Amino acid sequence: MKNKSSFYRHVAQTSDAPMGLEVERAEGPFIYTTDGKRYLDFISGIAVSSLGHCHPRVIEAVKKQVNRHLHVMVYGEFIQEPQAAYAELLNAQLPDSLDRVYFVNSGTEANEGALKLAKKHTGRHKFVGFRHGYHGDTHGSLSVTGRDVYRDPYLPLLPDVYFADFNGEDALPLIDEQTAAVILEPIQGEGGIIPADKKWLKAVRQRCDEVGALLIFDEIQTGFYRTGSLFAFQKYQVVPDILCLAKAMAGGMPMGAFVSSSEIFTSFMHDPPLNHVTTFGGHPVSCAAAHATLSELLDKDFASRAATIEEVTRNQLNAEGIVEVRGRGAMLGMELESSELTQHVVKDCLERGIILGWTLHSNTLVRLAPPLIIDKDLLAEALGIINKRIRSRTE
Ligand code: PMP
């Protein structure tokens, strides 16, 4: 009771209708609340807990690092073993052109860094983003986010930002010799789970190369096997100049990163030195957690897990009222025929112990992003309940 009143009275709110579950603990795919209920987390804390909650390997790494040291110095000055070891492991998974990583604390901070790096490297300040793209809520990331309803209250934002249709023809002519960078999600998340077309993405890459613009992939939501490969760009066979990461990266600890080439990153080192710094970026506990997370992901067959989740979900969700199931791997969206139905289904499922949600830019799409560790029976049971709740409203 006390926590509830403090939450509603003292914690700044982001809407007038928070879900308000009071968390006791979380483990695997489940969250347990103080009223004795158990919920299946079918959105993974929004694409974070891909390994489930409190994965033992992550917890062990965190405990070990907590007993060694916490923060010791701002980013980039001292050699810290968890940071160096994780950077090496991450870069080993990436193409040669993505050989250096800058650690930050969140997704939006990764995008901020990427935009600044592109400006500094190219000496240009024009950006091209995409309608319904989402890149975070700080000013730079919001400037390249393609939804006016979220931008308008904060205008003026960065000047010289232009938006094109995702997968549309109008993108290529917008990318020119003045463009510092193009920023996009290979699969738009908050915009409604919309995969990029492979040919289109290749054409964007080619156009960037022609005019000397950098290509930034925001893989904050798509990264770490969520879509079936370690990173979505690998399936598309289109390599970005800057890759932005966060969310599932550190198994539930806060962390983000932007990865690029050594050559591009040299522009951060001078004119003036220390022109982009962060106090907590690459926190040793987050890096230790990230190392454990990536090691676990690489040791087990997570690509096939994401593929199985997609296959089972697509096969099983068949209630009347479902317009479409789209996405890749375990980053799926279920489009329903109306916003009322969507609201009812999300609410009904929550009452029956399944946490679902919307994406930010769509009110008819139910987000389906279960932890990648979910077992087949539990997945089938949850999908059965979701089907039933939809049917109860449509038949
Ligand atoms: N980019 C994408 C694609 C995201 O999905 C998100 C978070 N939903 C962000 C950026 C922002 O990340 P954060 O909330 O960690 O700042």
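For the sequence shown, the working numbering assigns the number 127 to the initial residue and increments by one for each residue that follows. For each residue, glycine too, the CB sits at the ideal point set by N, CA and C. The structure presented is a predicted model; accordingly, all values stated were derived computationally and were not measured.
Item: Determine, using beta-carbon pairs with one atom in the stretch 353-373 and one in the stretch 451-462, whether at least three such pairs fall under 8 Å.; Value: yes
Item: Does the stretch 407-420 come close enough to the stretch 177-185 that 3 or more CB-CB pairs lie under 8 Å?; Value: yes
Item: Whole angstroms is fine: what's the gap from T305's alpha carbon to E316's?; Value: 25 Å
Item: Give me the Cβ distance between G447 and I516, rounded to the nearest whole Å; I'm assuming they're in contact under 8 Å.; Value: 5 Å
Item: Between the stretch 237-257 and the stretch 384-396, do three or more beta carbon pairs fall short of 8 Å?; Value: yes
Item: Indicate, with yes or no, if the ligand PMP has a heavy atom lying under 7 Å from the CB of G233.; Value: yes
Item: Quick check on DSSP: helix, strand or coil for Y212?; Value: helix
Item: Does the beta carbon of N237 fall short of 7 Å from some heavy atom of the ligand PMP?; Value: yes
Item: With 16 other CB atoms within 10 Å as the buried threshold, where does Y280 fall?; Value: exposed
Item: Would you say the stretch 321-337 touches the stretch 206-218, given that touching needs at least three Cβ pairs under 8 Å?; Value: no
Item: Can you tell me where the beta strand (DSSP E) with S70 in it begins and where it stops?; Value: The first residue shown for the chain is 127 and the last is 521, placing residue 70 beyond what the model contains.
Item: Considering only DSSP beta bridges, list what I480 is partnered with.; Value: L166
Item: Grab me the residues of C413's own chain with a C-beta within less than 6 Å of its C-beta, minus the 5 sequence neighbours each way, in chain order.; Value: P208, Q209 and Y212
Item: If you draw a straight line from the C-alpha of M199 to the C-alpha of E150, how long is it?; Value: 33 Å
Item: Specify, as a first and last residue, the run of the alpha helix (DSSP H) that G266 falls within.; Value: H265 to S269
Item: Helix, strand or coil for H417 per DSSP?; Value: helix
Item: Could you name each continuous alpha helix (DSSP H) segment of 4 residues or more that falls completely within the stretch 325-365, going from the start of the chain to the end?; Value: 358-362
Item: Once the 5 residues before and after L300 are set aside, which same chain residues still bring their CB inside 7 Å of it?; Value: V254, Y288 and A290
Item: Tell me whether A383 counts as near the ligand PMP, meaning its Cβ is closer than 7 Å to at least one heavy atom of that ligand.; Value: no
Item: Quick one: what's got a C-beta closer than 8 Å to V403's C-beta in the same chain, skipping five residues either side?; Value: V200, Y201 and G202
Item: Do D344 and the ligand PMP come close, with the Cβ less than 7 Å from some heavy atom?; Value: yes
Item: Does the Cβ-Cβ distance between F406 and N231 come in under 8 Å?; Value: yes
Item: So what does DSSP say about N489, is it helix, strand or coil?; Value: strand
Item: Taking the C-alpha atoms as reference points, what is the distance between L310 and A236?; Value: 13 Å
Item: Which term fits Y228, buried or exposed, when burial requires 16 or more other beta carbons within 10 angstroms of its beta carbon?; Value: buried
Item: Does DSSP put M379 in a helix, in a strand, or in coil?; Value: strand
Item: What's the C-alpha gap between D474 and E521?; Value: 15 Å
Item: Got a sec: does the ligand PMP put a non-hydrogen atom nearer than 7 Å to the Cβ of E311?; Value: yes
Item: What does the alpha-carbon distance come out to for the pair V188 and T439?; Value: 33 Å
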